[in-house]
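In the working numbering, the protein residues as written are 1113 to 1267. Below is one structure, written out as structure tokens; the observations come after it.
Have a look at this one:
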């Protein structure tokens, strides 16, 4: 099993092999060099749409099968901040809140600048976006209390 993580030092610890790499650009790995790609709650952290699209293309290029999970933007609880409706607020409002309060795993931040950087590290995706990113995948939904908590692209 090969694990790729940004900033990781290469290590071989059978059956695991850890490699450093950027999920948006894995050109060092040939097409279909893996049997399956598994990504759990990563794609929403790689940047904005250009980086998210680049990661999706790499996933599809690297393996004939994949399983890509991400929290659903449409679910009312934001999982990183563990706060209802937080992700539906404008970025500047979220940043302002983070300068004053700790929410979930994040904050409080020392400055508005730091809070904005924090807020911009999470870009939750909708089902429509996942379908556009992974057009040949089935988009499954993980449900909680009848609502779609997570979206999973499966090929």
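Ideal Cβ positions, reconstructed from N, Cα and C, are used throughout, including at glycine.
{"Asked": "Does the Cβ of residue 1128 have 16 or more other Cβ atoms within 10 Å, making it buried, or fewer, making it exposed?", "Found": "exposed"}
{"Asked": "Alpha carbon to alpha carbon, how far is residue 1191 from residue 1206? Give it in angstroms, no decimals.", "Found": "14 Å"}
{"Asked": "What does a CB cutoff of less than 7 Å around residue 1171 pick up in its chain, not counting 5 residues either side in sequence?", "Found": "1149, 1151, 1178, 1180"}
{"Asked": "Check this for me: beta carbons of residue 1166 and residue 1136, under 7 Å apart or not?", "Found": "yes"}
{"Asked": "For residue 1130 and residue 1247, I'd like the C-alpha separation in whole angstroms.", "Found": "29 Å"}
{"Asked": "Residue ranges of each beta strand (DSSP E) run of no fewer than 3 residues wholly in the stretch 1121 to 1159, ordered along the chain?", "Found": "1123 to 1125, 1128 to 1132, 1148 to 1152"}
{"Asked": "With residue 1263 as the anchor, note down where its beta strand (DSSP E) starts and where it stops.", "Found": "1259 to 1266"}
{"Asked": "Would DSSP call residue 1170 helix, strand or coil?", "Found": "helix"}
{"Asked": "On the CB-based measure, 16 or more other CB atoms within 10 Å of its CB, does residue 1096 come out buried or exposed?", "Found": "Outside the shown range of the chain (1113 to 1267) lies residue 1096, about which nothing can therefore be said."}
{"Asked": "Is residue 1234 helix, strand or coil by DSSP?", "Found": "coil"}
{"Asked": "Taking the beta carbon of residue 1140 as the centre, do at least 16 other beta carbons fall within 10 Å, making it buried, or is it exposed?", "Found": "exposed"}
{"Asked": "Start and end of the alpha helix (DSSP H) containing residue 1203?", "Found": "1203 to 1210"}
{"Asked": "Can you give the beta carbon distance from residue 1230 to residue 1160, rounded, assuming they're within the 8 Å contact cut?", "Found": "Residue 1230 to residue 1160, Cβ: 15 Å. No contact."}
{"Asked": "Which one or two residues does DSSP pair with residue 1252 in a beta bridge?", "Found": "1264"}
{"Asked": "Going by alpha carbons, who is nearest to residue 1197 out of 1187, 1154, 1232?", "Found": "1187"}
{"Asked": "Judging by CA-CA distance, which residue of 1147, 1122, 1158, 1144 is the nearest neighbour of residue 1134?", "Found": "1158"}
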